[in-house]
Structures are given as structure tokens and as C-alpha cells.
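**Q** Protein chains in written order, with my numbering: chain E, 154 to 570; chain V, 21 to 338; chain B, 178 to 359.
Ideal placement from N, C-alpha and C gives every residue a C-beta, glycine not left out.
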Amino acid sequence: MVTKTKAETKKGSQIKVITGNAAAAIAAKLACPDVVAAYPITPQTEIIEQISKFHANGEMDCELITVEGENSAMNAVMAASLAGGRVFTATSSWGLVFMYDAVLATSGARAPVVMVNVNRETPGIIAVSSGQQDMICTRDAGWIFLIAEDCQEVLDLVLQAYRLAEDYDIQVPVMVHYDGFYLSYLSEGVDVPFQEDVDKFLSVLEDQPKRTVLTPGNGMGCGSHGILGGYMELRHKHVTALERSKAKFDQIDKEYEDIFGRAYGGQLEEYRMDDADVVLVGSGSMCGTIKTVIDEKRQAGIKVGLLKMRMFRPFPGEAIVKALKGKKAIGVVDRSLNFGHKGGPFYTEIKAFETQLDGSPMISFIDGIANTDITTVNVAAMIDTICALAAGKEVREVTWVSYPEANEPEVNKSGGK
Amino acid sequence: MAAKKGKLTKVLDHLKHEDPFSKGVAFCPGCGLELLLRFIPQVMGNDIVITGTPSCSAPVLLGQNNQSWHKLSYFGTLMTGAAANATGLARYYRKAGIDNTVVCFNGDGTAADIGFGNLSGAAERNEPFIYICYDNEGYMNTGIQKSGTTPFGATTTTTPKGSVHKGKNLRRMNLALKMAMHKIPYAATATLSDLDDLAKKLLKAKEAKERGFAFLHVFAPCTTGWGYAPENTIEVCRRAVKTNYFPLWEAVDGKIRMTKTVKKPKPVKTYTELIKKFAHLTEEDHQILQDDIDYEFCILGGLSVLEGECQLPVSAQD
Amino acid sequence: MNEVRFHGRGGQGVVTTSKILANAFARTGQFGASFPMFGFERRGAPVTAFGRFSDKPVREKTQIYNPDILVVLDPSQKASKAVFLGLKPDSMLLLNDTDITTRITHENLKRFALINANKIALEEIGLAIPNTVIVGAFAKMSGLLDVEPCCGALEDYFSGSKLAANIVCTKRGFEEVELFDL
Numbered sequence: 154m155v156t157k158t159k160a161e162t163k164k165g166s167q168i169k170v171i172t173g174n175a176a177a178a179i180a181a182k183l184a185c186p187d188v189v190a191a192y193p194i195t196p197q198t199e200i201i202e203q204i205s206k207f208h209a210n211g212e213m214d215c216e217l218i219t220v221e222g223e224n225s226a227m228n229a230v231m232a233a234s235l236a237g238g239r240v241f242t243a244t245s246s247w248g249l250v251f252m253y254d255a256v257l258a259t260s261g262a263r264a265p266v267v268m269v270n271v272n273r274e275t276p277g278i279i280a281v282s283s284g285q286q287d288m289i290c291t292r293d294a295g296w297i298f299l300i301a302e303d304c305q306e307v308l309d310l311v312l313q314a315y316r317l318a319e320d321y322d323i324q325v326p327v328m329v330h331y332d333g334f335y336l337s338y339l340s341e342g343v344d345v346p347f348q349e350d351v352d353k354f355l356s357v358l359e360d361q362p363k364r365t366v367l368t369p370g371n372g373m374g375c376g377s378h379g380i381l382g383g384y385m386e387l388r389h390k391h392v393t394a395l396e397r398s399k400a401k402f403d404q405i406d407k408e409y410e411d412i413f414g415r416a417y418g419g420q421l422e423e424y425r426m427d428d429a430d431v432v433l434v435g436s437g438s439m440c441g442t443i444k445t446v447i448d449e450k451r452q453a454g455i456k457v458g459l460l461k462m463r464m465f466r467p468f469p470g471e472a473i474v475k476a477l478k479g480k481k482a483i484g485v486v487d488r489s490l491n492f493g494h495k496g497g498p499f500y501t502e503i504k505a506f507e508t509q510l511d512g513s514p515m516i517s518f519i520d521g522i523a524n525t526d527i528t529t530v531n532v533a534a535m536i537d538t539i540c541a542l543a544a545g546k547e548v549r550e551v552t553w554v555s556y557p558e559a560n561e562p563e564v565n566k567s568g569g570k
Numbered sequence: 021m022a023a024k025k026g027k028l029t030k031v032l033d034h035l036k037h038e039d040p041f042s043k044g045v046a047f048c049p050g051c052g053l054e055l056l057l058r059f060i061p062q063v064m065g066n067d068i069v070i071t072g073t074p075s076c077s078a079p080v081l082l083g084q085n086n087q088s089w090h091k092l093s094y095f096g097t098l099m100t101g102a103a104a105n106a107t108g109l110a111r112y113y114r115k116a117g118i119d120n121t122v123v124c125f126n127g128d129g130t131a132a133d134i135g136f137g138n139l140s141g142a143a144e145r146n147e148p149f150i151y152i153c154y155d156n157e158g159y160m161n162t163g164i165q166k167s168g169t170t171p172f173g174a175t176t177t178t179t180p181k182g183s184v185h186k187g188k189n190l191r192r193m194n195l196a197l198k199m200a201m202h203k204i205p206y207a208a209t210a211t212l213s214d215l216d217d218l219a220k221k222l223l224k225a226k227e228a229k230e231r232g233f234a235f236l237h238v239f240a241p242c243t244t245g246w247g248y249a250p251e252n253t254i255e256v257c258r259r260a261v262k263t264n265y266f267p268l269w270e271a272v273d274g275k276i277r278m279t280k281t282v283k284k285p286k287p288v289k290t291y292t293e294l295i296k297k298f299a300h301l302t303e304e305d306h307q308i309l310q311d312d313i314d315y316e317f318c319i320l321g322g323l324s325v326l327e328g329e330c331q332l333p334v335s336a337q338d
Numbered sequence: 178m179n180e181v182r183f184h185g186r187g188g189q190g191v192v193t194t195s196k197i198l199a200n201a202f203a204r205t206g207q208f209g210a211s212f213p214m215f216g217f218e219r220r221g222a223p224v225t226a227f228g229r230f231s232d233k234p235v236r237e238k239t240q241i242y243n244p245d246i247l248v249v250l251d252p253s254q255k256a257s258k259a260v261f262l263g264l265k266p267d268s269m270l271l272l273n274d275t276d277i278t279t280r281i282t283h284e285n286l287k288r289f290a291l292i293n294a295n296k297i298a299l300e301e302i303g304l305a306i307p308n309t310v311i312v313g314a315f316a317k318m319s320g321l322l323d324v325e326p327c328c329g330a331l332e333d334y335f336s337g338s339k340l341a342a343n344i345v346c347t348k349r350g351f352e353e354v355e356l357f358d359l
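Set out below in C-alpha cells:
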């Protein structure tokens, strides 16, 4: 263990060189869940292996359920959560899809589950590779979605997720997403907080009113047949809780900083945005690379900034409008597809706020699918395209950065252009 | 008369707790499920946590919006993961030190078909709860479709009697035996014509769940789906037992024992003649069904004596 | 920042080599980040790992196309064009080879280092897993860090007699690597 100088680290923490998966497992351990469900899938497996090791060594006092499939993982933690427990599970890709019905049931029941999803492709072409398509497949599930950029943020977000999910005013499950391969297996220095500080951070929940839980003999039911008004009442409450979670997440981020010395900006992280003329909007591990390229472009006099989406559900529309208003051109990078639309999912959703952005032109970049690398060269090319757009030049609305074939002019069947 | 009265009292002795259900509930007249559902908490106590899935039991068990037909703690869940839900509940209660009896109550569609994977998984992990399958041999709530426990020959809306195919042309699976093969603390079959046997098995299951997984397979005929007179529900159960169509047995830690021995089993025809879904069966069809019943019973009989007679090879004992 | 690309095969400890080095750099107050790129293959498949070592925090999360340093754990890849792809001028190459007569030259290489790591590993831990020997050899060849933080980093991956044996491996790698300035 290497300890940073006191100026660099807050008291009671230590730098460990660990993977994103290990960061997630350690965060789960620090949150002291009552019940953990474990089922392996690449690239998530290391998380549940680590947790199993903690459990075997008595470092984690939880009920560890080694389920026979992801569907059972979600069902088990949902029920344990509704019974009053703090729970954790993790999945990826096909695993997330295999638990889809239970994912919906969990949010519908407002069970404050925290789950890590290590992003991986989910198409019919079996792709053991990075991409956020699994996240997009489940975006309408009614969960809160948070996305981490590096291993430190993985750890921090898992801890923040418990405060958000279990908050009395929220009670909505939270999924923490991070890129498979690029983050799951990335080893880097992570400031691992001490248990007492995590306990302090989470103790706020203990001071809140107790949520309703399912206890033997108390005559309480959950999962009744909702119909008409009764159903709409619960759905509307769910929707408004999601709306509340935006400001709550900003607040939790600030409280996290007070204890651990790290803040990210809540729903969005803005990097060199103040005086930026043009902006790249991104999420996840690509943002580290984008920041590096932005610094280079800035040295060349190009005023470019990054808007990093840390929260994807609920969609932080208001904060996005505030951050992007008045910018000369905006490019949105998507690591997934929005089937039925040409542009990527993030792009399409931000585009919905176009009228509030005073007509800032906007374009979509698709990159990083199926492990294609979002390189510094790719990011620089994206920035050049956005600058061209800002200068009034005609550019493609949607560019597949690593697949030039997609960017050729469309040819109709008769052979003419 | 006195003997009959004595018999009745024996059953009633097991009903030590209040019936938590409303007097009138939304089940079909003559529904076997209703009798079972009311019986369970009266025997096991009103402090059970019962889970249920979309099924015939759902309208009553799960309630509607914020209204309910009963006073039990319940968890309405999905057919795909019912046993996993019960696992989550039981494990959390164990962790929190809360005394509990979680009863995972499902039809055969959940238990034998779509939710079998997690049922088997929960048994393999020896999860501390009770799983009760009420078997009405099909998807009755959706309108009588074939399931894995639908027997040979039976007509359902997905195995109709047509000019080419007549009823289910496949055998039923033996769910209870499959579960016993997990060597769980307790597995048993039961039915509504033998309530004393059912009550004892419920209590044994409750006791066994302290050591892990308990499974009860309850034969619960469906007047609407099978086509028999509502007043014949118990008679259908009785004949199912007497023909060995549904033998009553239990397995404690995998050790199988018959709880009711039928000395002279009647031919299966005495059972099928009550039920319309078998009305089209020919003599030949009946023979196939009879052979299948005999086959299952032979296996069961073989397994029940296996423990005493089976000798391990010498090398394996070393 | 130094960008290092590791080439090997599953089972050789390619990923662990890059992890231990990232760990060792962190112990010197510097920053290290490493990650592998592989699919769902297990032992025997070619594995590439990427390491970035710097005095400033490492933010890039991309693969490495223009390495400053190459580390080749699998000698069967020593002539592979893919290994040398994008090599920067004035770069270094560390090769694990049982053939101690091997010499590699390349227009962009300023230093070549050779170690029979499998032999040392066999002698010290009884297994031909070269990774911890490579860690020590890397430290010596690159001059970017001393052997002590490398040995210290091993504590996060091994314990007991295995730790002691692997520390010897790393030390021997540091001492026994042959350097050739080109």
C-alpha cells in the first residue's frame, strides 16, 4: 500500500492499484450489504470473485447467494431489498438482458437495489467486447443510471449509489455503469476510503424515516395487481422520484466531497467548459481520452470543452441545457446505437432539447462499439468536425468514426448518387 | 358414523390458526386451489410470508392496487424468478435474525416450466424456505394451456382434439421426484382428498425448512379447465390416489417413503372417466397412460426400497 | 509519460506483469495505469496489455499504438510485424527468450534487452511463468524505477513462500538482464 502525502489524500484512506472491477467489489464491501447475489459473466466476473473471497475470509458479513443465473440474482436481491436489506449484485450484457423482467419489477416495486453493470455489447453477433448497448437496452427500466469514467469513480459512484437508492425521498434502484475491458480490467491507483468514513457517509440514511418493508406477520403486501388509477398513482410517484433524484445526486456529490475530498459535479462533469466555443458530450472511459485531446487542442488555440454525462437516467436535461446554451457547435459521442434512429442514443436525447439551446448545431459520433478503440486520433478528428460545423461548413449529421464505410454518400439501388 | 366423525376431527385438529382469507374470494366454484390456499395458513400460521406469481392464485393472493383478499404478508412476483424471490426474503430474514416461514406458492407452469431453473437452483443451494407447487396440470388462468405436468392424452387449448392430433402426445414430467433427487431436507406429494396427510406434510415442511429447502407438490384439480362437476373436486383427488395416478409419498433427506399405500390400485380409467379432458381417449390411449403411471410407480417403489437393499461396491466403501 | 506495450500468451502472466508495474510506479509517487485486451479465450491465446507510466495522473483509456517500450514475453512473437507496429523512435525492447544468442535490431530501437526469464522462474518458483522476472528486468532496462518498489508491489499479488520466491525472481531479473545499446 502506498500512502500519498497528507496534502494529497484525506485522512483515513489509502492508494491501492486495483482494477475497476476490484474497485466495485471493495465499494460493495465498504457499503456492508446484507445480501449479495453472485453470477459470473465476462467482464464482470472479477467483482463476484473478489466478493466471494471477502466472504470466505470473513471480511464481508453478508448472505452470499451464488445463484444459477442472472434472473435469479436480480429476483433475490429485489426481494431481500423489499424485506429491508441492503443489497448488491453485478452483471453485464446478456446477464443484464436475462434479468430484464426482474429489472423492471425491481424498479416498479421501488426496491432500492444497487447493481453494477459492466458495459458490454449485446447484439445477435456474440460480442465479448465493450460498448454501452446493454445499458441502452435497459434505459427505459425506471432505474437511475450512473456512469463512471475511471476506477476511482467506480468506487465513488457505488458508494454514492447507496445514498441515492436508499434515500427515503428516492427509493429507486441504481445501476452503476462502467466500460467493460477498458475499465473493468484497467489497473490504476484508487484512493480506498476507510470503513469509518464510509459508515459516516452512509449514516445519513439511518437518520431518515424508515421505509416500508415486508416483515413476517405484519400483513403487508407488495406486488399487488395494479390497475387504472392505482397503477397510475404508483407510476407517477416513481416518475417524480426520478425527477427528485437529479438534485439529490448533486447534493450527495457535495457531501461526498466533504468527507472524501473528491467531487465530480453531480449529474454532469464539465471539463474546460467555461470559455468553450465547441463541446464534445461523452460518457464513461472515453472521457479521460477526450480530456487529454482537449488539452492538446487548447494549446493549439481551439476552445473546446467536454460535457461528461455522469447520470443518464433520469436524463439531466435541465443541467445539459444550462451547460450547452450558447455554444457554437456540439458533438455527441455514443458508444451504442439507437436502432431506428440514425444518431446515437445520447445524441437523440440531447437533440430533444434543441429548441432550448438557441439553435446550437449538433452532430452525432458513433464510436467505441465492439471494442473499437476511441483513440486520441479519433477524438481529435471529432473535434475538428465540430469546429468545421461551428464555422458553418456542411458536415455529416452522423459519423461512424471507426467505420468509414458508413460515412460514404448513400447510393440508391439504380446505382446513381 | 362415529368413525367418520373421528376422521374429520383429526383434520380439524391441525387447523390451529385463523383463516386469513375473506369469506368470498375470486376463485371458480369447486376450485381445488382455494381449499389449499385457505388450508395452508390455518395449519402453518398466519405469520407466513407467502409469495405468488401471475396465475389462478394471483387474483386472490396478490390483491388489487392497495386492496387485498387476505391478511397475510405477501409478495407478488414473476413466474420466472419466484424461487429466487423467496430466496432473497429468507436469506435477508436469516441475516437480520427475523423468525420466518417463507412459502413460495406457485402453479405447475411456474414450478415445472418457466421457473424450474430457479426452483432447482434454490434446492441445490438448500435455501431455507418452503416451495409449494399446486398442480392443476396446465396454465389455467390464461385459459387452459398445456404445461410440463399436463398428462398424456389431455386436451388443452394448445393440445386440442383435432382431426389429426388428439390431446397431448407427450408424457408428463414427474416434478416431485425430480425435486426429491436434489436430496433436500423434505420433498413430498399431497392432495386435497387426504387433508390429514397434507397437514402433516405442511408441518413437516415447516420443520424441515430450519434445515433448508422443503418442497411440496400438491395435486389440485381444476373444475373449469378439466371439465368435471365442481362438486367432484375431492373425488377426482381421491381417484387419482387410488389409481396411483398421483401417489402420496415423502422424501426426508432424499429417503423416499410412501405415506399412503394403495393395496389394489384401480385402473386409471376409473380416474379419467370423471374428467372431460380425457373423454376422447381410446382403449389404446388409456393403455399408454396406464403404462406411464405404472412406470412412474415402479420407479417410486424402487427408490423407496433402494436405501435398504442397495449395496455399494466394496471399492467405493473403502 | 511512457507508453508500454506487452505481448505474450495467456498463462504467461502478461496482465500481471503490467499490473505489478503500475503498482510499482504508484509506490514511487508516480502514476501507472495498465489494461489488457483479450476476448474470452483462456490459456495459450495471444494477449496484449498496455501500460502507461507517468509523473502525472494517466487519463487516457485507449490502446497503445505508438509505444515507447515493447515487452515481449512470448519469444514466438519476436519476429512478428504486429509487435513492432507504430514503434516510436528511440524506443526500447525487452525480450524473454530461452535462446540467449537472440539479438533484435530495428531502426527505431535504441536499446535491446534480453532475459531468459523462463529459466529463472523455473529455478525459483518451479514454473515457467516469466512475469515477475520481467518486472525486474523492465526496471533495469527502462531506468524508470528501482527494483525495491517492484518487489514491494509483489506483496499485493503474492504471499508467503510464493512472495519470497517471486521477489527473488524480480531481483534476478533486475540483475541478470542483458542490455544492448544500439
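Cα separation between PRO205(V) and ASN308(B)?
**A** What you label residue 205(V) is simply residue 185 of the second sequence in a count that begins at 1. What you label residue 308(B) is simply residue 131 of the third sequence in a count that begins at 1. So the two alpha carbons sit approximately 49 Å from each other.
**Q** Would you please verify whether the beta carbon of ASN524(E) is less than 8 Å from any beta carbon of chain V?
**A** Along the first sequence, one-based indexing puts residue 524(E) at 371. ASN524(E) does not count as touching chain V.
**Q** Note down, in chain order, every chain V residue with its Cβ under 9 Å from the Cβ of ASP352(E).
**A** Translated into positions along the first sequence, residue 352(E) becomes position 199. By Cβ distance, chain V contributes nothing, its closest Cβ being about 18 Å from ASP352(E), past 9 Å.
**Q** Is the separation between the beta-carbon of SER282(E) and that of ASN85(V) shorter than 8 Å?
**A** Here residue 282(E) refers to the residue found at position 129 of the first sequence. Here residue 85(V) refers to the residue found at position 65 of the second sequence. In this structure, ASN85(V) does not lie closer than 8 Å to SER282(E) by Cβ.
**Q** Starting from THR239(B), find everything on chain E with Cβ-Cβ shorter than 7 Å and list it in chain order.
**A** Locating residue 239(B) in the third sequence gives position 62, where the first residue counts as 1. Result: THR442, ASP526, ILE527, THR528 and THR529.
**Q** According to DSSP, is TYR291(V) part of a helix, a strand, or is it coil?
**A** The sequence position of residue 291(V) within the second sequence is 271, counting from 1. Three-state DSSP puts TYR291(V) in a helix.
**Q** If we require 3 or more residues per run, which beta strand (DSSP E) segments fall completely within the stretch 480-559 of chain E?
**A** Taking only runs of at least 3 residues, the beta strand (DSSP E) segments lying wholly in the stretch 480-559 of chain E are 482-487, 515-519 and 551-553.
**Q** Just grab the DSSP bridge partners of MET462(E) for me.
**A** Counting from one through the first sequence, the residue named residue 462(E) turns up at place 309. Per DSSP, LEU421(E).
**Q** Name the residues in the stretch 315-347 of chain E whose C-beta lies less than 9 Å from a C-beta of chain B; which are they?
**A** Residues passing the 9 Å Cβ filter: ASP332, PHE334, TYR335, LEU336, SER337, TYR338, LEU339, SER340, GLU341 and GLY342.
**Q** From the DSSP secondary-structure annotation, give me the bridge partner or partners of CYS185(E).
**A** As a first step, residue 185(E) is located in the first sequence; it is residue number 32 there, counting from the start. In DSSP, CYS185(E) forms no bridge with anything.
**Q** Does the stretch 336-344 of chain B touch the stretch 277-291 of chain B, meaning 3 or more C-beta pairs lie closer than 8 Å?
**A** With a cut-off of 8 Å, the stretch 336-344 of chain B and the stretch 277-291 of chain B do not count as touching, because too few Cβ pairs lie within range.
**Q** Are any of the Cβ atoms in chain V nearer than 8 Å to that of GLU561(E)?
**A** As a first step, residue 561(E) is located in the first sequence; it is residue number 408 there, counting from the start. Closer than 8 Å: no.
**Q** So within the stretch 124-200 of chain V, which uninterrupted alpha helix (DSSP H) runs reach at least 4 residues, ignoring any that extend past its ends?
**A** Entirely contained in the stretch 124-200 of chain V, the alpha helix (DSSP H) runs reaching 4 residues are, in chain order, 136-144 and 195-200.
**Q** Run through chain E and tell me which residues come within less than 8 Å of VAL191(B), C-beta to C-beta.
**A** For this step, residue 191(B) is matched to residue 14 along the third sequence. Neighbours of VAL191(B) on chain E: none; closest Cβ ~12 Å, over 8 Å.
**Q** Say whether chain E places a C-beta atom closer than 8 Å to the C-beta of VAL123(V).
**A** By one-based count along the second sequence, residue 123(V) stands at place 103. For VAL123(V), the answer is no, since every Cβ of chain E falls outside 8 Å of its Cβ.
**Q** Does the stretch 127-143 of chain V come into contact with the stretch 409-428 of chain E, if we say contact requires no fewer than three beta-carbon pairs (one atom in each stretch) closer than 8 Å?
**A** Touching, no, given that fewer than three Cβ pairs across the two stretches are closer than 8 Å.
**Q** Of the residues ILE70(V), MET99(V) and ALA106(V), which one's Cα is nearest the Cα of HIS90(V)?
**A** Position 70 of the second sequence, counted from the start, is the residue given in the question as residue 90(V). Selected option, being the one with the closest Cα: ILE70(V).
**Q** Rounding to the nearest angstrom, what Cα-Cα distance links SER324(V) and ARG192(V) in this structure?
**A** Here residue 324(V) refers to the residue found at position 304 when the second sequence is read from its first residue. Here residue 192(V) refers to the residue found at position 172 when the second sequence is read from its first residue. Straight-line Cα distance between these residues: approximately 21 Å.
**Q** When the distance is taken between beta carbons, is GLY50(V) closer than 8 Å to PRO250(V)?
**A** Looking up residue 250(V) in the second sequence gives position 230. Looking up residue 50(V) in the second sequence gives position 30. Taking 8 Å as the Cβ cut-off, PRO250(V) and GLY50(V) qualify as a contacting pair.
**Q** May I have the straight-line CA-CA distance separating VAL329(E) from MET268(E), to the nearest angstrom?
**A** Walking along the first sequence from the start, residue 329(E) turns up at place 176. Walking along the first sequence from the start, residue 268(E) turns up at place 115. Roughly 6 Å separates the two Cα atoms.
**Q** Suppose you measure from the CA of PHE298(E) to the CA of GLN254(B); what does that come to, to the nearest Å?
**A** If you number the first sequence from 1, residue 298(E) lands on position 145. If you number the third sequence from 1, residue 254(B) lands on position 77. Spanning the two alpha carbons is a distance of roughly 43 Å.
**Q** Counting only C-beta atoms, is PHE147(B) closer than 8 Å to chain E at any point?
**A** With chain B represented from 178 up to 359, any question about residue 147(B) goes unanswered, as that position is not in the structure.
**Q** Quick one: which chain E residues come within Cβ less than 8 Å of PHE95(V)?
**A** Position 75 of the second sequence, counting from 1, holds the residue named residue 95(V). The answer, in chain order, is ALA232, LEU235, LEU367, GLY374, CYS375 and GLY376.
**Q** Taking a contact to mean a Cβ-Cβ separation below 8 Å, would you say ASP170(V) touches GLY158(V) in this structure?
**A** Numbered from its first residue, the second sequence carries residue 170(V) at position 150. Numbered from its first residue, the second sequence carries residue 158(V) at position 138. The amino acid at residue 170(V) is misidentified as Asp; the sequence shows Thr. Yes. Within cutoff.
**Q** Quick one: does MET439(E) have its CB under 8 Å from some CB of chain B?
**A** Stepping through the first sequence from its first residue, residue 439(E) is reached at position 286. Yes, its Cβ sits closer than 8 Å to a Cβ of chain B.
**Q** Would you mind giving the Cβ-Cβ distance between GLY52(V) and ALA174(V), rounded to the nearest angstrom? I have them listed as a contact below 8 Å.
**A** Here residue 52(V) corresponds to residue number 32 of the second sequence, with the count starting at 1. Here residue 174(V) corresponds to residue number 154 of the second sequence, with the count starting at 1. Between ALA174(V) and GLY52(V) the Cβ distance is about 16 Å, and since that is not below 8 Å, they are no contact.
**Q** Smallest Cα separation from ASN146(V): which of LEU56(V), PHE235(V) and ALA208(V)?
**A** What you label residue 146(V) is simply residue 126 of the second sequence in a count that begins at 1. It is PHE235(V).
**Q** Would you mind telling me which residues of chain V sit closer than 9 Å to ALA209(E), beta carbon to beta carbon, in chain order?
**A** Position 56 of the first sequence, counted from the start, is the residue given in the question as residue 209(E). The contacting residues do not exist; ALA209(E) stays about 16 Å from chain V at best.
**Q** Can the beta-carbon of PHE402(E) be found less than 8 Å from the beta-carbon of LEU317(E)?
**A** Residue 402(E) sits at position 249 when you count from the first residue of the first sequence. Residue 317(E) sits at position 164 when you count from the first residue of the first sequence. Yes. Within cutoff.
**Q** Is there a C-beta anywhere in chain B that falls below 8 Å from the one on VAL474(E)?
**A** The sequence position of residue 474(E) within the first sequence is 321, counting from 1. With 8 Å as the cut-off, VAL474(E) does not count as an interface residue toward chain B.
**Q** State the CB to CB distance for the pair PRO244(B) and GLU180(B), rounded to an integer number of angstroms; the pair is presumed to be in contact (CB under 8 Å).
**A** For this step, residue 244(B) is matched to residue 67 along the third sequence. For this step, residue 180(B) is matched to residue 3 along the third sequence. With a Cβ gap of about 5 Å, PRO244(B) and GLU180(B) count as contacting.
**Q** What does the alpha-carbon distance come out to for the pair LYS238(B) and ILE278(E)?
**A** Within the third sequence, numbered from 1, the residue matching residue 238(B) stands at position 61. Within the first sequence, numbered from 1, the residue matching residue 278(E) stands at position 125. Those two C-alpha atoms are separated by around 25 Å.
**Q** Relative to chain V, which residues along the stretch 218-230 of chain E have a C-beta separation below 8 Å, given in chain order?
**A** Listed in sequence order: ILE218, THR219, VAL220, GLU221, GLY222, ASN224, SER225, ALA226, MET227, ASN228, ALA229 and VAL230.
**Q** Residues of chain B with CB under 8 Å from ILE168(E), in chain order?
**A** Translated into the one-based positions of the first sequence, residue 168(E) becomes position 15. Neighbours of ILE168(E) on chain B, chain order: ALA203.
**Q** Going along the chain, which residues of its own chain have a beta-carbon closer than 7 Å to the beta-carbon of ILE254(V), five neighbours each way excluded?
**A** Counting from one through the second sequence, the residue named residue 254(V) turns up at place 234. The residues are LEU212 and SER213.
**Q** Just checking, does the stretch 295-311 of chain E make contact with the stretch 334-344 of chain E on the three C-beta pairs under 8 Å criterion?
**A** Segments in contact, yes.
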